[in-house]
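Line by line, the protein sequences are chains F and U.
Taking my numbering, the leading residue of the first sequence gets 1, the next gets one more, and so forth.
Taking my numbering, the leading residue of the second sequence gets 1001, the next gets one more, and so forth.
Glycine included, every Cβ here is placed at the ideal spot set by N, Cα and C.
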Amino acid sequence: AQTVTQSQPEMSVQEAETVTLSCTYDTSESDYYLFWYKQPPSRQMILVIRQEAYKQQNATENRFSVNFQKAAKSFSLKISDSQLGDAAMYFCAYRSTFYNQGGKLIFGQGTELSVKP
Amino acid sequence: DGGITQSPKYLFRKEGQNVTLSCEQNLNHDAMYWYRQDPGQGLRLIYYSQIVNDFQKGDIAEGYSVSREKKESFPLTVTSAQKNPTAFYLCASTNRQAPRDYGYTFGSGTRLTVV
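Here you go:
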């Protein structure tokens, strides 16, 4: 079974600085998706960024980028120029591409990010 | 606009009582999922359904039941057998028939508290 681990329960960053959130996963599959979701105090889940395992290029979305290390099974999220609105719980998630896996997302424990003005 | 509607937003359950959480989507998604969120444990999968009249247990199905009689609806019943039901419950959906990854839509959640 696949697992996702976020070893940093809480992180803090100064406004305008850069912060990196860590995520490791375990799988025997070679093709899969990895996601970072943001959950602000409203509790609404918001997709931040997505990575397809067969693509070697790291995904980037504006101030958000990932460092995808497939061999090391590591998927970290870098937030540049941090803003107060980035304060939230961040979840790393895995999804198999095999249809018989049901398309379910497997989540890590989450990292609570606070941004200091 | 299309989306997922979860109701109620807050729900209180007495000991020994069954309660049902509603999840309705108008996105024409075939797959729907129920997750439970507890502090420090992330989101854990309770049940999921890929087609009407079919569903599978997730990692923490004990004490819960679901039905999928319509494509749009995937209600979750928290039974009296669930000993610690106080949590935040999220419903999600996606189109499994789409090529590659289609993306997920999440509801706004239901906060269940035992009183």
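Alpha-carbon spacing of residue i relative to residue j, whole angstroms
i: U/Q1017; j: F/K73; result: 43 Å
i: U/F1012; j: U/A1087; result: 11 Å
i: F/V4; j: U/T1020; result: 30 Å
i: F/E10; j: U/G1040; result: 10 Å
i: F/F107; j: U/N1084; result: 21 Å
i: U/R1068; j: F/K116; result: 45 Å
i: U/V1078; j: U/I1046; result: 11 Å
i: F/E112; j: F/T60; result: 21 Å
i: F/F35; j: F/C23; result: 10 Å
i: U/Q1056; j: U/C1091; result: 15 Å
i: U/P1008; j: U/Y1089; result: 11 Å
i: F/F64; j: U/E1015; result: 45 Å
i: U/S1065; j: F/T97; result: 26 Å
i: F/I79; j: F/Q57; result: 17 Å
i: U/G1063; j: F/L77; result: 35 Å
i: U/I1051; j: F/F75; result: 31 Å
i: U/N1028; j: F/S30; result: 30 Å
i: U/R1096; j: F/F68; result: 25 Å
i: F/C92; j: F/S7; result: 11 Å
i: F/T18; j: F/S12; result: 10 Å
i: U/I1004; j: U/C1023; result: 7 Å
Short CB-CB distance (under 8 Å) between residue i and chain F
i: U/S1022; result: no
i: U/T1113; result: no
i: U/Q1056; result: yes
i: U/L1076; result: no
i: U/S1108; result: yes
i: U/Y1104; result: yes
Min CB distance residue i to chain U below 8 Å
i: F/Y57; result: The residue you asked about is not Tyr; residue 57 of chain F is Gln in the sequence shown. Not one chain U Cβ lies under 8 Å of F/Q57.
i: F/P40; result: no
i: F/F91; result: yes
i: F/Q109; result: yes
i: F/L105; result: yes
i: F/G85; result: no
i: F/P117; result: no
Buried/exposed call for residue i, threshold 16 Cβ in 10 Å
i: F/I46; result: exposed
i: U/A1081; result: exposed
i: U/V1115; result: exposed
i: U/T1110; result: buried
i: F/S28; result: exposed
i: U/T1105; result: buried
i: F/A1; result: exposed
i: F/Q39; result: buried
i: F/G110; result: buried
i: U/Y1033; result: buried
i: F/A118; result: With chain F running from 1 to 117 in the structure shown, residue 118 of chain F is simply not present.
i: F/Y54; result: exposed
i: F/K104; result: buried
i: U/G1002; result: exposed
i: U/G1103; result: exposed
beta-carbon residue i near the ligand ZN non-hydrogen atom, thresh 7 Å
i: U/G1016; result: Within the structure as shown, the ligand ZN is missing, as the structure has no ligands at all.
Task: Validate contact between the segment 69-85 of chain F and the segment 1070-1083 of chain U using beta carbons, cut 8 Å, 3 pairs - done: no
Open item on the list: Output needed in chain order: residues of the segment 1027-1054 of chain U with a Cβ under 7 Å from some Cβ in chain F.
Closed with: Sequence-ordered contacts of the segment 1027-1054 of chain U with chain F read A1031, Y1033, G1040, Q1041, G1042, L1043, L1045, Y1048, Q1050 [C-beta pairs closer than 7 Å].
Open item on the list: Short of 9 Å Cβ to Cβ, which residues in the segment 42-72 of chain F face chain U?
Closed with: S42, R43, Q44, M45, I46, L47, R50, E52
TODO: Check each residue of the segment 1068-1098 of chain U: if its Cβ is closer than 8 Å to any Cβ of chain F, include it; give the result in chain order.
DONE: Against chain F - using a Cβ distance shorter than 8 Å - the residues of the segment 1068-1098 of chain U are F1088, L1090, A1092, T1094, R1096.
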